[in-house]
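A.B. asks: Position in the sequence shown counted from 1, then plus 1, gives you our numbering.
Positions of the beta carbon are idealized from the N, C-alpha and C atoms, including for glycine.
For clarity, every value in this text was computed on a predicted model and none was experimentally measured.
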Amino acid sequence: MARDRFIYLLKFLRFDDVKARHERMELEKKIQLGLVDPPDPPIVPLSKLAPIENVLTNFINVLPTLYEPGDNITVDEMLVKFRGGVSFRVYMKSKPARYGIKVLGWGLFVFTLCVYTGKVDDQRELKQGKRVDLDMTGRGITADNFFSSKELVLELSQNGLTYETKSKRVPFIQQLALNLITEHMQRRVTKSVPSKTSACTSLVASELGLQLPVELPQKLPNSDCGRCKICKMSSRLKCSKCHFFVCKSHQLLLCSDCNQE
């Protein structure tokens, strides 16, 4: 299928019956008020996800039949890139897409998920991480700071469950990084480097406890003509001691007796 044909069909693709949407929204309000028992499995909030509510619910219901997680599971959030006109579109600076729909998921292979729809009845949803962790109790959960809170620890303790944290092991990470680059640093510091990086080389050598290599002697010129060692002018004269070329302006005349001293 051509791209233009796909875009044309996408404009008319719908996953929701607009005529029945009002009835479903009324059912959701009754469930929130406790007038009607919630269905099993629970429905996705209709007020904001109504256009994709049916297909999303079917997708979530199929996930447990395709993958059964083990005793340990990972909980994390992701940002689905989306720039459409929805009220629950979020901005996350740390994510590559920046703008999109936030989805909370369980497991490396998604076991279940929920979509963050923002405020409910003009009330901001708080403690999202706590709610997600409680939904997955009974397994060993690995999560970051977003899913950790004091209220979660207290509620888990009341249910006879444990909660552990691992502090940031900064010294271990620093030592690990140093061990990984030590071999390269040793190889780099023992090679001749440009003068601009000599200060950096000295710092690296001091950190590793190494001594800088002795400066290699300059190679003597073998040609009959070369540049003056001082002013770089062309010359055929050489110094009797260092055997480098020198011009007439930078040479000294010595007698044979003084030259032997």
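1) Across which residues does DSSP place Leu114 in a beta bridge pair?
2) Exposed or buried, which one is Leu34 when buried takes at least 16 other CB atoms within 10 Å?
3) Which residues in the same chain as Asn55 place their Cβ atom closer than 7 Å to its Cβ, once the five residues preceding and following it in sequence are excluded?
4) Can you tell me whether Gly101 is buried or exposed, with buried defined as 16 or more other CB within 10 angstroms of its CB?
5) Please report the residue range of the alpha helix (DSSP H) in which Asn59 lies.
6) From the DSSP output, which residues share a beta bridge with Gly141?
7) Taking the beta carbon of Ser207 as the centre, do at least 16 other beta carbons fall within 10 Å, making it buried, or is it exposed?
8) Can you pull the DSSP bridge partners for Lys96?
9) Whole angstroms is fine: what's the gap from Ser257's alpha carbon to Arg188's?
10) Report the rounded CA-to-CA distance for Gln252 versus Cys240, giving the unit in angstroms.
11) Using the DSSP secondary-structure output, state which residues sit across from Leu80 in a beta bridge.
12) Taking Ser250 as the reference, which of Cys243, Cys259, Arg237, Lys242 has the closest Cα?
13) Find out if the Cβ-Cβ distance for the pair Leu105, Tyr117 is shorter than 8 Å.
14) For Ser250, write down the residues that DSSP places opposite it in a beta bridge.
15) Let me check one thing: in DSSP terms, what residues is Arg228 bridge-paired to?
16) How far does the alpha helix (DSSP H) with Ser244 in it extend, from its first residue to its last?
17) Which of the three DSSP states, helix, strand or coil, is assigned to Val19?
18) So, is Val76 buried or exposed, given that buried needs 16 or more other C-beta atoms within 10 angstroms?
19) Candidates Lys103, Ile53, Met2: which alpha carbon is nearest Leu14's?
20) Exposed or buried, Phe246, counting other C-beta atoms within 10 Å across all chains shown (16 or more means buried)?
C.D. replies: According to the data block:
1) Translated into positions along the sequence shown, residue 114 becomes position 113. DSSP lists Gly106 as partners of Leu114.
2) Stepping through the sequence shown from its first residue, residue 34 is reached at position 33. Result: exposed.
3) On the sequence shown, residue 55 is found 54 positions in, with the first residue counted as 1. Around Asn55: Phe16, Asp17.
4) By 1-based counting over the sequence shown, the position of residue 101 is 100. Counting Cβ neighbours within 10 Å, Gly101 comes out buried, since at least 16 surround it.
5) On the sequence shown, residue 59 is found 58 positions in, with the first residue counted as 1. From DSSP, the alpha helix (DSSP H) with Asn59 extends over 54–67.
6) Taking the sequence shown and counting its residues from 1, one reaches residue 141 at position 140. BP columns for Gly141 point to Asn73.
7) Translated into positions along the sequence shown, residue 207 becomes position 206. Looking at its Cβ environment, which holds fewer than 16 other Cβ atoms inside 10 Å, Ser207 is exposed.
8) On the sequence shown, residue 96 is found 95 positions in, with the first residue counted as 1. None, per the DSSP bridge assignment.
9) Within the sequence shown, the letter at position 256 stands for residue 257. Within the sequence shown, the letter at position 187 stands for residue 188. Using only the alpha carbons, I get a separation of about 48 Å.
10) Along the sequence shown, read from residue 1 onward, the residue named residue 252 stands at position 251. Along the sequence shown, read from residue 1 onward, the residue named residue 240 stands at position 239. So the two alpha carbons sit approximately 8 Å from each other.
11) Translated into the one-based positions of the sequence shown, residue 80 becomes position 79. Beta-bridge pairing links Leu80 to Lys103.
12) The residue given as residue 250 occupies position 249 in the sequence shown. If we check each option's Cα against that of Ser250, Arg237 comes out closest.
13) The residue you call residue 105 lines up with position 104 of the sequence shown. The residue you call residue 117 lines up with position 116 of the sequence shown. Against a cut-off of 8 Å, the Cβ pair of Tyr117 and Leu105 comes out as a contact.
14) Counted from its first residue, the sequence shown places residue 250 at position 249. DSSP lists no partner for Ser250.
15) Counted from its first residue, the sequence shown places residue 228 at position 227. Arg228 is bridged to Ser235.
16) Translated into the one-based positions of the sequence shown, residue 244 becomes position 243. The sequence shown places His at residue 244, rather than the Ser named in the question. From DSSP, His244 is part of no alpha helix (DSSP H); its letter is neither H nor E.
17) Along the sequence shown, read from residue 1 onward, the residue named residue 19 stands at position 18. Here Val19 sits in helix by DSSP.
18) Indexing the sequence shown from 1 puts residue 76 at position 75. The residue is buried, with at least 16 neighbouring Cβ atoms inside 10 Å.
19) Taking the sequence shown and counting its residues from 1, one reaches residue 14 at position 13. Closest option to Leu14, Cα to Cα, is Ile53.
20) Counting from 1 along the sequence shown, the entry for residue 246 is found at position 245. Phe246 should be labelled buried.
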